[in-house]
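Q: Note that this note's numbering gives residue 189 to position 156 of the sequence shown, counting from 1, and the numbers run on in steps of one. Idealized CB from N, CA, C, for every residue including glycine. If you scroll down you'll find the structure; I have some questions about it.
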Amino acid sequence: MSHRHILPLLAAAALFGTGCNRQKPMTVTTEKVQRRNLTEVVTGSGKLQPVVQVKISSEVAGEIIDLPVKEGQQVHKGDLLVRVKPDLYAAALRSQEASLKSSQADLLTAEANARKAEAELKRNEDLFSRQLISGSLFDEIRTGAEVARASAIASTQRIEMARASLKRSQEDLAKTIIFSPIDGTVSKLNSELGERVSGTGMMAGTDIMTVADLTKMEARVEVGEMDVVLIQPGFKARLDVDSFKDRKFDGQVTQVARSAKTTAGGSQQESTKFEVRIRMADTGLFLPGMSVTADIETRYRTNVITVPIQAVTTRMAGSTSTEPDPKKTGSTSEEDKGQIEFLAGKKTRNVIKPIEVVFVQETGKAKMLPVQRGISDDSHYEILEGVTEGQEIITGNFKAISKELNDGSLIQLEEAKKAKDSKP
Numbered sequence: 034m035s036h037r038h039i040l041p042l043l044a045a046a047a048l049f050g051t052g053c054n055r056q057k058p059m060t061v062t063t064e065k066v067q068r069r070n071l072t073e074v075v076t077g078s079g080k081l082q083p084v085v086q087v088k089i090s091s092e093v094a095g096e097i098i099d100l101p102v103k104e105g106q107q108v109h110k111g112d113l114l115v116r117v118k119p120d121l122y123a124a125a126l127r128s129q130e131a132s133l134k135s136s137q138a139d140l141l142t143a144e145a146n147a148r149k150a151e152a153e154l155k156r157n158e159d160l161f162s163r164q165l166i167s168g169s170l171f172d173e174i175r176t177g178a179e180v181a182r183a184s185a186i187a188s189t190q191r192i193e194m195a196r197a198s199l200k201r202s203q204e205d206l207a208k209t210i211i212f213s214p215i216d217g218t219v220s221k222l223n224s225e226l227g228e229r230v231s232g233t234g235m236m237a238g239t240d241i242m243t244v245a246d247l248t249k250m251e252a253r254v255e256v257g258e259m260d261v262v263l264i265q266p267g268f269k270a271r272l273d274v275d276s277f278k279d280r281k282f283d284g285q286v287t288q289v290a291r292s293a294k295t296t297a298g299g300s301q302q303e304s305t306k307f308e309v310r311i312r313m314a315d316t317g318l319f320l321p322g323m324s325v326t327a328d329i330e331t332r333y334r335t336n337v338i339t340v341p342i343q344a345v346t347t348r349m350a351g352s353t354s355t356e357p358d359p360k361k362t363g364s365t366s367e368e369d370k371g372q373i374e375f376l377a378g379k380k381t382r383n384v385i386k387p388i389e390v391v392f393v394q395e396t397g398k399a400k401m402l403p404v405q406r407g408i409s410d411d412s413h414y415e416i417l418e419g420v421t422e423g424q425e426i427i428t429g430n431f432k433a434i435s436k437e438l439n440d441g442s443l444i445q446l447e448e449a450k451k452a453k454d455s456k457p
């Protein structure tokens, strides 16, 4: 860049430095740096569900001929829930009983034939030893005895098959009656009397109803992938249930998912969430499907230095005072020089990067202090390094903290400004 272009920039910087002499104080609010206890939380939202709930489906197909329960009804383990028309399965059972009896009769016949063939073989063994019968005839008799023995064995196996089929038919008939597997409440009833249901033997069967233990409820909430690593089973949680707006409930994390749920957002961006289950301490108040928001307590700090969240902002490293040096009135700041050098194409050794800072009030001026943050709650940051207890930290206004304040900026407290403006 030519000197012709650099000179106007230098002049502008000089005017900027001169203008700092006429800087008006910014109105701010302050607060003392204090020690307090902090609890960091991870927030997730989801639904309430019973810890134990059972979907009731029929294992056999057929028409519902008895449905003695209603939605919302309490049931006990072993209570009758559903009866499916048993005629087809009763007929199959009778058929299998007859088949078993037939197989047993076949076994008696086969065993008798085997005994007869064995006796004939023994008689002919003596005749064959005295060469009274030919070898071919003896072989035929011996083969007949072996076939008879094999037939008896096969009849025994057919009886076992018939017994297995009979047992299956008995089980199918028993499955036409469904009893409650738990103590609970019929939380959902999907079928009605006379409706035909499909069995679960070959496909997904009909969900007839759901029985749930409503005395043990849990919140199933989703949290982001950055937060799930902070959560472990046993952590405490505070829960807001939409149906109970003025109350908070206690809970404890029981399970953290190890696989993610990925959903596509409206802008084609994927959202990765993990399910966290939280056991509710209170019982008997909730219903499945109620909306819930959980604040899971992840980390704790006791008696640590804290500042309000709004007091922490960022500035570029190397930012300097907007107050001119009295001995160098009209001179440019180091930051302005660095900017001019950049525009002029010169290399600068200053690496500009954002750092986190707070501003404290000292004799009518803002002093910028770099800080190192720790954990936070919904209103305060833990400060590990940078400020001390009792310092008067600037907490407002937002515009001043986020953009306008620099090290050395003139400030006035809001209370002092109000008092000054009220004077005649």
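Any idea if S162 is buried or exposed, counting beta-carbon neighbours within 10 angstroms, 16 or more meaning buried?
A: exposed
Q: Do A185 and A138 come within 7 Å of each other at the CB atom, strictly closer than that value?
A: In terms of Cβ geometry, A138 and A185 do not form a close pair [threshold 7 Å].
Q: Mark E448 as exposed unless 16 or more other C-beta atoms lie within 10 angstroms of its C-beta, in which case mark it buried.
A: exposed
Q: Look at the alpha carbon of E225 and the alpha carbon of L263, and state the distance between them as a whole number of angstroms.
A: 47 Å
Q: I need the boundaries of the beta strand (DSSP E) containing Q82, first residue and last residue.
A: 67-83 is the span of the beta strand (DSSP E), which, as asked, contains Q82.
Q: Determine the burial state of Q129: buried for a count of at least 16 other Cβ atoms within 10 Å of its Cβ, exposed for fewer.
A: buried
Q: Is it right to say M250 is buried, meaning 16 or more other beta carbons lie within 10 angstroms of its own, or is it exposed?
A: buried
Q: Anyone know if the C-beta pair for G238 and S90 falls short of 7 Å?
A: Yes, they are a contact pair.
Q: Does V403 pass the burial test, meaning 16 or more other C-beta atoms within 10 Å, or should it be called exposed?
A: In the sequence under discussion, the amino acid at residue 403 is Pro, which differs from the Val named in the question. So P403 ends up on the exposed side.
Q: Check whether the Cβ atoms of E204 and I97 sit closer than 7 Å, and answer yes or no.
A: no
Q: What are the uninterrupted segments assigned as beta strand (DSSP E) that are 3 or more residues long and contained completely in the segment 284-327, given in chain order?
A: Within the segment 284-327, the runs of beta strand (DSSP E) that reach at least 3 residues and sit entirely inside it are, in chain order, 294-297, 303-313.
Q: Who are the near neighbours of G177 in its chain, counting only those whose CB is closer than 6 Å to its CB and skipping five residues on each side?
A: For G177, where only same-chain residues beyond five positions count, the Cβ hits under 6 Å are A150.
Q: With a cut-off of 8 Å on the beta carbons, I'd call E308 and E255 a contact; round off their distance for me.
A: Contact between E308 and E255 is confirmed by a C-beta separation of about 6 Å, below the 8 Å threshold.
Q: Beta strand (DSSP E) containing D240: first to last residue?
A: That run of the beta strand (DSSP E) goes 240-245.
Q: Just the C-alpha distance for L160 and A145, rounded to the nearest angstrom, thanks.
A: 23 Å
Q: In whole angstroms, what is the alpha-carbon distance linking V345 and K278?
A: If you take the alpha carbons of V345 and K278, they lie about 32 Å apart.
Q: Could you round the C-beta distance between K398 and S435 to whole angstroms and report it? I think they count as a contact, below 8 Å.
A: Between S435 and K398 the Cβ distance is about 19 Å, and since that is not below 8 Å, they are no contact.
Q: Beta-carbon separation of A195 and S276 under 7 Å?
A: no
Q: Can you name, in chain order, every residue of its own chain whose Cβ lies under 6 Å from the Cβ of I416, other than the five neighbours on each side?
A: These residues qualify, in order along the chain: I338, V340, V404.
Q: Can you tell me whether M401 is helix, strand or coil according to DSSP?
A: strand
Q: From which residue to which residue does the alpha helix (DSSP H) around F161 run?
A: 120-162
Q: Confirm, please, whether the CB-CB distance from T326 to D273 is below 7 Å.
A: yes
Q: Suppose the cutoff is 7 Å on Cβ atoms and the five residues either side in sequence are ignored; what does the same chain contact list for F212 look like?
A: G111, D112, L113, L114
Q: For G267, I'd like the list of residues in its chain whose CB is within less than 8 Å of its CB, leaving aside the five on either flank, ordered along the chain.
A: Same-chain partners within the cutoff: Q285, V286.
Q: With a threshold of 16 other CB atoms inside 10 Å of the CB of R37, please say whether the residue is buried or exposed.
A: Confidence is the limiting factor: at R37 the pLDDT is only 43, short of 50, which leaves the residue's position unreliable and the question unanswerable from this model.
Q: Only counting the same chain, and skipping five residues up and downstream in sequence, which positions put a Cβ closer than 7 Å to that of A123?
A: L206
Q: One question on the structure: do D246 and V85 come within less than 7 Å of each other, judged by their Cβ atoms?
A: yes
Q: Does DSSP put D273 in a helix, a strand or coil?
A: strand
Q: Taking the alpha carbon of F171 as the point to measure from, which residue in A181, P214, R191, K155 has its own alpha carbon closest?
A: K155
Q: So what does DSSP say about L100, is it helix, strand or coil?
A: coil
Q: Under 7 Å, do V66 and E422 count as touching if we go by C-beta distance?
A: yes
Q: Go ahead and label Q288 buried or exposed: buried means 16 or more other beta carbons lie within 10 angstroms of its beta carbon, across all protein chains shown.
A: exposed
Q: For M401, collect the residues of the same chain with a Cβ closer than 6 Å to its Cβ; drop the 5 residues on either side in sequence, then sort them by chain order.
A: V390, F392, D440
Q: Determine the extent of the beta strand (DSSP E) in which K221 is found, giving its start and end residues.
A: Run containing K221: 217-222, per the beta strand (DSSP E) assignment.
Q: So K88 packs on T243, CB below 8 Å; how close in whole Å?
A: That belief holds up - the Cβ atoms of K88 and T243 are roughly 5 Å apart, short of 8 Å.
Q: By DSSP, does S409 sit in helix, in strand, or in coil?
A: strand
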